[in-house]
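> Going by the numbering used here, the letters in the sequence shown line up with residues 621 to 799, in that order.
Positions of the beta carbon are idealized from the N, C-alpha and C atoms, including for glycine.
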Amino acid sequence: DSFTQLKKALCECPILAIPDLTPTENPFYVITDASKEGLGAILLQKGKDNKLHPISYISRMTDDKEKRRYTTYQLEMAAIIWSLQVFKPYLRYKQVPFVLRTDCQSLCWLLNSEHDAQIKKWILGITEFDFTIEYLRGVDNPSDVLSRFPLPVPEGYFREEPMDNLYCEDHGKMMQYII
621 DSFTQLKKAL CECPILAIPD LTPTENPFYV ITDASKEGLG AILLQKGKDN KLHPISYISR
681 MTDDKEKRRY TTYQLEMAAI IWSLQVFKPY LRYKQVPFVL RTDCQSLCWL LNSEHDAQIK
741 KWILGITEFD FTIEYLRGVD NPSDVLSRFP LPVPEGYFRE EPMDNLYCED HGKMMQYII
């Protein structure tokens with residue numbers, strides 16, 4: 621059917637790229653979005669054609685606590701924290717800063733002012749990463765659809781706990797949930 625064809629097309633070259641893990645060049649781009657329904661993010665990198673190509677798509681549904689208690693800003697921050705933890709195996713060994721793109725203009729304020737304990741914990745969790753932040757208008761954000769129509773994620777996959785080894789035996793099974 622057409623959905624299966626679309627899913628297949630999004631996962632084949634030249635759409636889905638193999639990452640360049642050279643430590644000193646070709647930075648990654650992480651684009652995030654959040655909604656009450658879910659969190660979504662895309663990991664991208666420029667190809668030889670100098671265009672951004674996705675390496676991985678992720679999305680997950682928000683849980684009941686997140687839906688009830690989190691403000692828009694907290695959801696956006698949760699999307700950033702969660703995506704950085706999932707993409708950490710790609711991001712941690714690069715010596716060039718990656719670019720974080722979000723449609724939350726208030727993010728600069730969030731990172732530079734006093735907050736409640738939850739946001740302070742999240743900010744502390746991203747200090748290990750070297751990145752720059754760019755604002756991306758909501759209408760131009762390709763991860764919007766991932767947060768509006770998130771996939772249910774089996775218990776233990778891509779939650780906010782750090783994933784130590786993305787390249788594990790279950791990698792193929794995990795990729796099914798990403799795609």
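Do you know how far the Cα of residue 765 is from the Cα of residue 757?
14 angstroms
> Any idea if residue 713 is buried or exposed, counting beta-carbon neighbours within 10 angstroms, 16 or more meaning buried?
exposed
> Around the C-beta of residue 661, are 16 or more other C-beta atoms found within 10 angstroms, so that it is buried, or is it exposed?
Residue 661 comes out buried.
> Name the two residues that bound the continuous alpha helix (DSSP H) containing residue 692.
692-711
> In whole angstroms, give me the CA-to-CA distance for residue 718 and residue 650.
7 angstroms
> Take the Cβ of residue 790 as the centre, count every other Cβ of all protein chains shown within 10 Å, and call the residue buried at 16 or more, exposed below.
The predicted position of residue 790 is uncertain, since its pLDDT is 42 and thus under 50; a value taken from the coordinates is nonetheless stated next. The residue is exposed, with fewer than 16 neighbouring Cβ atoms inside 10 Å.
> Should residue 654 be labelled buried (16 or more other beta-carbon atoms within 10 Å of its own) or exposed?
buried
> I'd like the list of long-range same chain contacts for residue 745, defined as Cβ closer than 7 angstroms, with 5 residues on each side in sequence excluded.
701
> Assuming contact is defined by CB atoms lying nearer than 8 angstroms, are residue 703 and residue 652 in contact in what I supplied?
Their beta carbons are under 8 angstroms apart, which means residue 703 touches residue 652 by this criterion.
> Is residue 721 buried or exposed, if buried means 16 or more other CB atoms sit within 10 Å of its CB?
Counting Cβ neighbours within 10 Å, residue 721 comes out buried, since at least 16 surround it.
> Determine the DSSP secondary structure at residue 636, reduced to helix, strand or coil.
For residue 636, the secondary structure class from DSSP, reduced to helix, strand or coil, is coil.
> Going straight from the alpha carbon of residue 716 to that of residue 709, what length do you get?
Our two residues, residue 716 and residue 709, have alpha carbons roughly 15 angstroms apart in a direct line.
> Kindly indicate which three-state DSSP category residue 769 falls into: helix, strand or coil?
Shown here, residue 769 sits in coil according to DSSP, grouped into three states, outside any helix or strand.
> Check residue 685 in the structure and name its three-state DSSP category.
helix
> Using a Cβ-Cβ cutoff of less than 7 angstroms, which residues in the same chain neighbour residue 698 once the five nearest sequence positions on both sides are dropped?
Excluding positions up to five away in sequence, the list reads 654, 659, 686 and 690.
> Could you tell me the distance, in whole angstroms, from the CA atom of residue 696 to the CA atom of residue 621?
34 angstroms
> For residue 627, which of helix, strand or coil comes out of DSSP?
Correct three-state label for residue 627: helix.
> Which class does residue 756 belong to by DSSP, given the choice of helix, strand or coil?
DSSP, reduced to helix, strand and coil, places residue 756 outside both helices and strands of the structure shown, so it counts as coil.
> Looking at the structure shown, is residue 641 part of a helix, part of a strand, or coil, going by DSSP?
coil
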